[in-house]
Each structure stands twice: as C-alpha cells, then as structure tokens.
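>
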Amino acid sequence: DLSFYANVGRAFAPPSSQVAGPRETEESFQMEVGAKKYLLDNRLHASLAVYHLRKNNIGIPDATGVTQQDGDQRSRGVELEVMMRPVKNWHTFFTYAFSNAELTRFAEFVPVFTQTGITYQLADRSGNRAAFSPRHIFNVWTARGFDNGLEFGVGARYVASQFIAEDNQFQIRDVLTLDASVSYAYRLIKFRINAKNLTNQEYETRGFGSASIIPANPFGLYCAFEINI
Numbered sequence: 018d019l020s021f022y023a024n025v026g027r028a029f030a031p032p033s034s035q036v037a038g039p040r041e042t043e044e045s046f047q048m049e050v051g052a053k054k055y056l057l058d059n060r061l062h063a064s065l066a067v068y069h070l071r072k073n074n075i076g077i078p079d080a081t082g083v084t085q086q087d088g089d090q091r092s093r094g095v096e097l098e099v100m101m102r103p104v105k106n107w108h109t110f111f112t113y114a115f116s117n118a119e120l121t122r123f124a125e126f127v128p129v130f131t132q133t134g135i136t137y138q139l140a141d142r143s144g145n146r147a148a149f150s151p152r153h154i155f156n157v158w159t160a161r162g163f164d165n166g167l168e169f170g171v172g173a174r175y176v177a178s179q180f181i182a183e184d185n186q187f188q189i190r191d192v193l194t195l196d197a198s199v200s201y202a203y204r205l206i207k208f209r210i211n212a213k214n215l216t217n218q219e220y221e222t223r224g225f226g227s228a229s230i231i232p233a234n235p236f237g238l239y240c241a242f243e244i245n246i
C-alpha cells in the first residue's frame, strides 16, 4: 500500500514580556508533505517526509540586556523512517533526518572592547545557521527476540556538528555513539538492562561561548522492571 499526506498549520504566541518597545505576535508556519509505503506483507514499512517551517518575530535578548523582536528563522528538511521485520521476533528501526535551519533575519547588539571602554555594535547574523541545529541525525536499532523470553538489541546514533550560538564561531563536534540492551520477559514480568554509550565517547551536548560546555553522560547501565497487570 502506498499513501500520501500533507499537513499545513499556523500558530501564534504572545511576545515575551521582556520585549522593549512595540510588541508583535510571534508567528509560525509549517508545511509538510510525505509518503508511506508497506511492502513484503507489511514486514517492511518506509515513510519519507519533506517539511518547511518558518518562525517570525522571535525575541532576541542581546548583550545590553534589552530584548528586541529582530529574529526570523526558516527550517527546511527531509525525514526518512524505515521499519523492518524480516523474520519472527526480529525488528530493525532506521531513521535519518536532514535539517537546514537558517536565520533569515537576526540582529543583536554585541560588546566591543576599545581602549576607552566598552561600546556596543549591531551585528547582523542573517544567513547564519541556527544554534544547536545539526544538519544530519541518524539512528539505527535492531533487536532479536527468542521464544524463551530473551531479547538482545544493539544500535547506533550519529549527530552532526552544530553551532552553539547564532554568531557561528564555535561548534560542538559530531559524534557517533553505540548502545545495547538485553531483556527477559516471563508472563507479566519483564526485566531490561540498557547499556548507553558503549565506547565511552567523550563529547558535548551544549556549549556556551568558547570556554563553557556541558559534557554528555559517559558509559552507563540502566535497569528497568515492568509488571503488566
């Protein structure tokens, strides 16, 4: 079966109370079109979507402490999702997302240090990439279950590099992490152990300026216990 869909939406929100001067409604517009396909007696499911998102009148707090509505942003991207069940008790999940998030209008006052002190100049960031918006995100997960209640899974996740601020001066590097899981189910009880970041990758999830970062969690084990009533 092949099906198509389309979504169009508009939204608005009141401006921040911190905005100085005249205030305008923050507006957003989103359009998405896609297709879904089922193959091999529904053992293979694939979907593809293309979207366009626009936000206008974004409030921007600058270095002077004043918030102005001088920001517009446009995001365009593609999302692919594939789910497979080649045999009984074996499933694989794959997703890929491409995003191009651009600041179409963005201006802020930044401090400039001179011999006589500090002055503020207006910096135009229009055309820069939005902060914390990686172009590529990739996920894959496969799990195999057995009739005795055991299930083993392994997967990988890739996140491309991303800028930490609208000035696009510093980036968080790209990272590939590996995860795994094992679970056992008996009647109404299920016990699961998840292993995150198997290779103990050292990477950052957020950054602020050139000297402040938030590191990601190292290798860790997480346990879960479920009772279905």
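What the sequence shown shows, in the numbering used here, is residues 18 to 246, in sequence order.
All C-beta atoms, glycine included, are put in the ideal place defined by N, C-alpha and C.
If you're wondering where the values come from, they're calculated on a predicted model, not measured in any experiment.
1. Looking at C-alpha atoms only, which residue of Phe208, Phe123, Phe111 is the closest neighbour of arginine 91?
2. Can you name, in chain order, every residue of its own chain whose Cβ lies under 6 Å from the Cβ of threonine 159, other than the five neighbours on each side?
3. Can you name, in chain order, every residue of its own chain whose Cβ lies under 6 Å from the Cβ of valine 199, other than the five neighbours on each side?
4. For a quick check, are the C-beta atoms of asparagine 145 and asparagine 117 less than 8 Å apart?
5. When the Cα atoms are used, what is the spatial distance from tyrosine 22 to leucine 65?
6. Which residues in the same chain have their Cβ closer than 8 Å to the Cβ of arginine 190, if we skip the five residues on either side of it in sequence?
7. Let's test the definition: count the other Cβ atoms within 10 Å of the Cβ of glycine 134 and tell me whether it reaches 16, buried, or not, exposed.
8. Restricting to Cα atoms, I'd like to know which of Asp164, Val176, Tyr55, Trp107 is closest to arginine 204.
9. Per DSSP, what kind of secondary structure is alanine 182 in: helix, strand or coil?
With the structure as the only source:
1. Sequence index remark: in the sequence shown, residue 91 carries index 74 (1-based). Selected option, being the one with the closest Cα: Phe123.
2. Counted from its first residue, the sequence shown places residue 159 at position 142. These residues qualify, in order along the chain: Thr109.
3. The residue given as residue 199 occupies position 182 in the sequence shown. So the list reads Phe169, Ile210, once near-sequence residues are dropped.
4. Taking the first residue of the sequence shown as 1, we reach residue 145 at position 128. Taking the first residue of the sequence shown as 1, we reach residue 117 at position 100. Contact: no.
5. As a position in the sequence shown, residue 22 is number 5, starting the count at 1. As a position in the sequence shown, residue 65 is number 48, starting the count at 1. The alpha-carbon atoms of tyrosine 22 and leucine 65 are separated by roughly 10 Å.
6. Residue mapping note: residue 190 aligns to position 173 of the sequence shown, counting from 1. Closer than 8 Å at the Cβ level, and outside the excluded window around arginine 190, lie Ser178, Tyr220, Glu221.
7. Sequence index remark: in the sequence shown, residue 134 carries index 117 (1-based). Glycine 134 should be labelled exposed.
8. Start at 1 with the first residue of the sequence shown, and residue 204 comes out as number 187. The shortest CA-to-CA distance from arginine 204 to any of Asp164, Val176, Tyr55, Trp107 is the one to Asp164.
9. For the purposes of this step, residue 182 is taken as residue 165 along the sequence shown, with counting starting at 1. Coil.
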